[in-house]
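Colleague: Heads up, the sequence shown is in our numbering, so the first residue is 6 and it goes up one at a time.
Note that CB positions come from ideal geometry on N, CA and C, so glycine has one too.
These numbers were taken from a predicted model, which means no experiment stands behind them.
Here it is: the structure, laid out below.
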Amino acid sequence: MNKSKYLILFDVDYTLVKGSKIHKESIVEGIKKIFGVDPPIEKLKLHGMTDQQIVTDLLKICGVDKKIIESKMKECLTAIAQLYNINKSTDKVTLMEGVRSLLEEISKDNDFIPGLVTGNIESIAYGKLSLVGISQYFSIGGFGSDHIERHKLVEIAVERAKAKLGIDRFKTFVVGDTPKDINAAKKAGVYSIGIASGSFSREELEKYGADLILESLLDKDKLIEFIKSK
6 MNKSKYLILF DVDYTLVKGS KIHKESIVEG IKKIFGVDPP IEKLKLHGMT DQQIVTDLLK
66 ICGVDKKIIE SKMKECLTAI AQLYNINKST DKVTLMEGVR SLLEEISKDN DFIPGLVTGN
126 IESIAYGKLS LVGISQYFSI GGFGSDHIER HKLVEIAVER AKAKLGIDRF KTFVVGDTPK
186 DINAAKKAGV YSIGIASGSF SREELEKYGA DLILESLLDK DKLIEFIKSK
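This is the structure:
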């Protein structure tokens with residue numbers, strides 16, 4: 006029987022990195038290009054939303070028919086990704102505190118499998134991580150280009166990990182900064198670790214029932230201890 010391993014699925018924005026202005030601009034321009042409408046992105050609270058959900062909600066505000074949205078979604082996501090990748094060299098992405106040190110630590114332990122669960126389109130997620138030199142730590146994930154619902158991304162990431170590594174026993178943890186990360190973990194039946202370094206406080210994350218809450222990823226010893234205790 007294979008030894009159980011720890012699959013740690015990190016959110017990207019305000020968990021690993023912050024400051025991507027180009028991503029938001031690419032969503033707006035991609036929608037304009039494919040649907041011919043100017044979306045009021047400032048009307049949405051984007052924290053924890055998948056890119057597909059953002060596109061859908063913006064187009065609903067603009068009065069675009071649901072069937073048209075669905076029929077052109079793939080084309081729109083492709084356009085958004087292309088726009089981001091063309092302009093990403095000007096993106097001002099920076100690492101969140103403690104990230105590099107944590108990733109260096111867990112990469113030394115074969116029992117840890119780092120992955121991603123992010124609302125970002127896959128190539129945008131890896132684009133941001135490459136700008137700050139941490140993309141090499143991640144080869145598994147569930148992305149906003151895979152599904153509109155965030156909890157489905159957790160399930161997709163787990164299945165990809167099983168297929169890639171040939172292992173069917175994981176203890177899975179979602180690490181993120183929003184209630185949507187915690188809810189996604191709960192719906193997928195895995196552990197949730199809230200990081201109070203984004204737009205939500207420790208108290209707000211506690212209300213959603215995170216299994217562990219840290220002020221930042223500088224608390225790497227506490228995070229690793231919690232994971233290994235399960």
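Can you list, in chain order, the residues of its chain whose CB lies under 7 Å from that of ILE74, leaving out five sequence neighbours each side?
Modeller: Around ILE74: THR61, LEU64.
Colleague: Counting beta carbon pairs with one atom in the region 156-163 and one in the region 81-100, are three or more of them shorter than 8 Å?
Modeller: The answer is no - the region 156-163 does not touch the region 81-100, with fewer than three Cβ pairs under 8 Å.
Colleague: Grab the span of the alpha helix (DSSP H) containing LYS93 for me, first residue to last.
Modeller: Taken as a continuous stretch (DSSP letters only), LYS93 belongs to no alpha helix (DSSP H), as it is neither H nor E.
Colleague: Taking GLY53 and PRO184 to be in contact with their CB atoms under 8 Å, please state how far apart those CB atoms are, rounded to whole angstroms.
Modeller: 7 Å between Cβ atoms; contact.
Colleague: Let me check understanding here. Comparing Cα to Cα, which of ASP182, ASP226, LYS191 lies closest to VAL22?
Modeller: Selected option, being the one with the closest Cα: ASP182.
Colleague: Going along the chain, which residues of its own chain have a beta-carbon closer than 7 Å to the beta-carbon of ALA86, five neighbours each way excluded?
Modeller: For ALA86, where only same-chain residues beyond five positions count, the Cβ hits under 7 Å are ILE126, SER128, ILE129.
Colleague: Going by DSSP in three states, ASP18 sits in which element: helix, strand or coil?
Modeller: Strand at ASP18.
Colleague: Given that a residue counts as buried once 16 or more other Cβ atoms are within 10 Å of its Cβ, and exposed if not, what is ASP173?
Modeller: Flag for ASP173 reads exposed.
Colleague: Does MET6 come out as helix, strand or coil in the three-state DSSP assignment?
Modeller: Low confidence applies here, because MET6 scores a pLDDT of 41, under 50, leaving its location unreliable; read the following figure in that light. Note: MET6 maps to coil in three-state DSSP.
Colleague: Return helix, strand or coil for LYS227, following the three-state DSSP convention.
Modeller: DSSP places LYS227 in helix when its eight states are reduced to three.
Colleague: I'd like the span of the beta strand (DSSP E) that includes TYR196, first residue to last.
Modeller: 196-200 is the extent of the beta strand (DSSP E) around TYR196.
Colleague: Does ASN115 pass the burial test, meaning 16 or more other C-beta atoms within 10 Å, or should it be called exposed?
Modeller: Looking at its Cβ environment, which holds fewer than 16 other Cβ atoms inside 10 Å, ASN115 is exposed.
Colleague: Would you call ILE13 buried or exposed, if buried means 16 or more other Cβ atoms sit within 10 Å of its Cβ?
Modeller: ILE13 is buried by the Cβ-count criterion.
Colleague: What does DSSP give as the partner residues of LEU100 in its beta bridges?
Modeller: Looking at the DSSP assignment, LEU100 forms a beta bridge with VAL22.
Colleague: Taking 8 Å as the threshold (beta carbon to beta carbon), is THR99 in contact with chain D?
Modeller: Although the question refers to chain D, the structure presented lacks it and comprises just one protein chain.
Colleague: Determine the DSSP secondary structure at LYS176, reduced to helix, strand or coil.
Modeller: DSSP places LYS176 in strand when its eight states are reduced to three.
Colleague: Given this structure, state the Cα-to-Cα distance separating SER197 from LYS10, to the nearest angstrom.
Modeller: Each residue's Cα considered, the two are about 16 Å apart.
Colleague: Which word fits ASP96, buried or exposed, when buried means at least 16 other C-beta atoms lie within 10 angstroms of its C-beta?
Modeller: By the neighbour-count rule (16 or more Cβ atoms within 10 Å), ASP96 is buried.
Colleague: Taking all protein chains shown into account, do 16 or more other C-beta atoms lie within 10 angstroms of the C-beta of PRO45, making it buried, or fewer, making it exposed?
Modeller: So PRO45 counts as exposed.
Colleague: Measuring CB to CB, does PHE205 end up less than 8 Å from LEU121?
Modeller: Not a contact, by the Cβ cut-off of 8 Å.
Colleague: Kindly identify the DSSP beta-bridge partner or partners of GLY181.
Modeller: DSSP output for GLY181 lists GLY199 as bridge partner(s).
Colleague: Which full runs of the alpha helix (DSSP H) of 4+ residues lie inside the region 136-173, going along the chain?
Modeller: You should have 155-170.
Colleague: I need the DSSP call for PHE117, collapsed to helix, strand or coil.
Modeller: Three-state result, PHE117: strand.
Colleague: Can you list, in chain order, the residues of its chain with a C-beta nearer than 8 Å to that of LYS227? Leave out the 5 residues immediately preceding and following it.
Modeller: Closer than 8 Å at the Cβ level, and outside the excluded window around LYS227, lie LEU217, LEU219.
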